[in-house]
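Protein chains in written order, with our numbering: chain H, 404 to 614; chain U, 5 to 100; chain B, 685 to 1223.
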């Protein structure tokens, strides 16, 4: 039973407004990541060879696996919304759980990559040691890498938090075929975070692998 | 509907394989273009099918596209500065 | 039965619940608007205090009141407080919040709890910035240019940035709320082209808030990251480009000035029609011009960077686009003027503010065209010419529109009438004080006095003294409404639903409105501004 908030005239209006609100929020996120992507694009254009060399230092296997993990998590998320639409609470909770599991795997792999970079001395800042040429410009690559993937990871963590809340609410039986808007909105957010990674992966990992 | 989701998921994984594979082929500047085109394709099918954009009202499409369109404005105008600095730099001395 | 008693016994949004919880946990858009009113008024006087200190220093040519570093902090804090904590939220978060649901016949905004969150974010951001001020403030200018802000400044850069970052989310949420509300919650019959122009302009503002603010959020975050972890994103030693910062900064900060002025235009469209009792001339043109300003406004940011080192090609493009953006603004000015022509004008305070806006905004806008011309800008950039230009628009424009709007809707908000004679006197004092403060600055800038300097050449003193004298008159002018508006809450005559006899759904409900706004859902069948006077409006 969807509670109709007092400001809305009917459930349809409420759903329309909620969904539009979430898409607008996602538009703000596009601009937020986009600002950093501009910085990345400018420096990549100016210092291409340094960026290419630095990019080859990233672990393409881990990056590809992580991309696959997130793409699978988008499938499980879509399935979760599908189950919510049909009122299959048990399956809904399971698919949210799967999504969370895949998200956690993603973060685990990511933090492992960060740890590797730390061991290699590639954390930008005072202790940055680059083995190749053009350390200054390579450092810009790694600054962009950590900021972009770091911001993305932060959004993933928030996403996991959202999923936990959804899982708990779902398990308590709050969602019915008549009302599962939060699941839908959570799905939109999750898919968006996936889309960001879909762009980050080639931009960061695949600058110039063909040499 | 489930079938659609599976197809989209398979396509996404296929495109992932494609983008990784293509990265190892020396295409010069087209490497970036290829990678970005594949990324855009993935993003579009995630938006259309997983995010239900295909079944959403036109207004939603406008806002879904607005962010990317605005990003395009930012990129185009800002990069036009960098693209032309070598050819039309700001004079280092404005007044004699 | 006296009107006093009617006000007392009828239940409305102010007396339906008492106590701090009913205010701090409110989701009523009208109460949220008042919460914002109190907060931004505080920041206005804080920003004004910094301005006072600046003008005191500038009375004499040598830098004798403050050290240079202190003076740098004064103008930086003046800019930051006034822009982020007064101008940007002012009209949208106070008048927009209060009026938009009323004007479209809705019970509230689409997301009332998000609205309250928006206020809390504003307060938190403001408090953090206040802490930064107390801890010494920043000396980077409100523009935070790198590498000074990221590598060399010793001020409270990170703390200030966090405050602005959080306040930015307040702005984003307000914009998001307005867009969804306007799209989905209009009363039956209220089609887009029957909306008051106030709504059109706020919609355009909301678009800018939603699409622009995230970019300054990430940009300032990058500066903070660079300071905190010594990673040189904008550090020239690593190959970083300070001009990149400027591109990212101005991509928001130019549209931000339209966030500040479009709501002022929103108010003026209402003031002019109400107090000339006239249908707006060229409704569709004015409506579309708001959207045009919002969109084109995103394409002109490079005009802040003509002398920064960006390529000449980019400068020329931005210069041309900056000329274009003036056109929709001019359309509005022409149409307001045509609306006034042969209108039944009553020169009460709101109309005085509206006329002031039209004249002063025109001057500010025209001088903007001077600045958009590359050749002129080279000479007057970073001089007091620029300072005068933007103060004409921000103060002569937005501030006057804000005051005009507060007066116009004061009866609706408070259920009281303000004292008209005092209001007119204050409006005139403000107009005189404003022009005396800022017109000399055009001349000073043209003659070459640089901005952001605490000392200047001897020959500039006379004009500077005039400017400071004007500022003191302006201060008196601003204090007067504070005084009599508060006075009117207790002693002003009670207002009925529609003291101006204006069109618009907000005037169809009582003053002050009940919490749920309308007892019966309004159904709209007429165009906006359906005044009796036949006007040669363009359909």
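Positions of the beta carbon are idealized from the N, C-alpha and C atoms, including for glycine.
None of the values given here were measured: they were computed from a predicted structure.
Reducing DSSP to helix, strand and coil, say where residue i ends up.
| i | result |
| --- | --- |
| residue 1178 of chain B | strand |
| residue 744 of chain B | coil |
| residue 882 of chain B | helix |
| residue 443 of chain H | helix |
| residue 582 of chain H | strand |
| residue 1208 of chain B | coil |
| residue 410 of chain H | coil |
| residue 1029 of chain B | coil |
| residue 695 of chain B | coil |
| residue 1203 of chain B | coil |
| residue 575 of chain H | coil |
| residue 1125 of chain B | helix |
| residue 522 of chain H | helix |
| residue 9 of chain U | helix |
| residue 798 of chain B | helix |
| residue 1220 of chain B | Note that residue 1220 of chain B scores a pLDDT of 44, beneath 50, so its modelled location is shaky and nothing firm can be said. |
| residue 1194 of chain B | coil |
| residue 1085 of chain B | helix |
| residue 1052 of chain B | helix |
| residue 1213 of chain B | coil |
| residue 803 of chain B | helix |
DSSP puts residue i in a beta bridge; with which residues?
| i | result |
| --- | --- |
| residue 1100 of chain B | B:1178 |
| residue 1134 of chain B | B:1067 |
Between which two residues does the alpha helix (DSSP H) carrying residue i extend?
| i | result |
| --- | --- |
| residue 1007 of chain B | 996 to 1024 |
| residue 40 of chain U | 34 to 49 |
| residue 954 of chain B | 926 to 960 |
| residue 986 of chain B | It is not in any alpha helix (DSSP H) - residue 986 of chain B carries neither H nor E in the DSSP assignment. |
| residue 753 of chain B | 752 to 766 |
| residue 856 of chain B | 841 to 868 |
| residue 455 of chain H | 451 to 459 |
| residue 85 of chain U | 62 to 88 |
| residue 1078 of chain B | Premise fails: residue 1078 of chain B is in no alpha helix (DSSP H) and is neither H nor E. |
| residue 470 of chain H | 463 to 489 |
Would the beta-carbon of residue i fall within 8 Å of that of residue j?
| i | j | result |
| --- | --- | --- |
| residue 818 of chain B | residue 837 of chain B | no |
| residue 894 of chain B | residue 848 of chain B | no |
| residue 977 of chain B | residue 1009 of chain B | yes |
| residue 1213 of chain B | residue 963 of chain B | yes |
| residue 514 of chain H | residue 458 of chain H | no |
| residue 695 of chain B | residue 1138 of chain B | no |
| residue 1157 of chain B | residue 1116 of chain B | yes |
| residue 885 of chain B | residue 974 of chain B | yes |
| residue 1076 of chain B | residue 1122 of chain B | yes |
| residue 935 of chain B | residue 928 of chain B | no |
| residue 900 of chain B | residue 850 of chain B | no |
| residue 861 of chain B | residue 795 of chain B | yes |
| residue 1150 of chain B | residue 1120 of chain B | yes |
| residue 1103 of chain B | residue 1172 of chain B | yes |
| residue 448 of chain H | residue 91 of chain U | no |
| residue 1097 of chain B | residue 750 of chain B | no |
| residue 508 of chain H | residue 569 of chain H | no |
| residue 889 of chain B | residue 800 of chain B | no |
| residue 67 of chain U | residue 426 of chain H | yes |
| residue 39 of chain U | residue 613 of chain H | no |
| residue 1177 of chain B | residue 1108 of chain B | no |
In or out: residue i buried (at least 16 other Cβ within 10 Å) or exposed?
| i | result |
| --- | --- |
| residue 953 of chain B | buried |
| residue 872 of chain B | exposed |
| residue 415 of chain H | exposed |
| residue 33 of chain U | exposed |
| residue 949 of chain B | buried |
| residue 789 of chain B | buried |
| residue 71 of chain U | buried |
| residue 422 of chain H | buried |
| residue 1222 of chain B | Confidence in residue 1222 of chain B is poor, its pLDDT being 39 and thus under 50, which makes the residue's placement too unreliable to answer from. |
| residue 1160 of chain B | exposed |
| residue 1210 of chain B | exposed |
Is residue i near the ligand MG - that is, is its Cβ less than 7 Å away from at least one heavy atom of it?
| i | result |
| --- | --- |
| residue 75 of chain U | Only the bare structure without any ligand can be found here, which leaves the ligand MG out of the picture. |
Is there a Cβ from chain A that is less than 8 Å from the Cβ of residue i?
| i | result |
| --- | --- |
| residue 903 of chain B | Note that chain A does not occur in the displayed structure, where the protein chains are H, U and B. |
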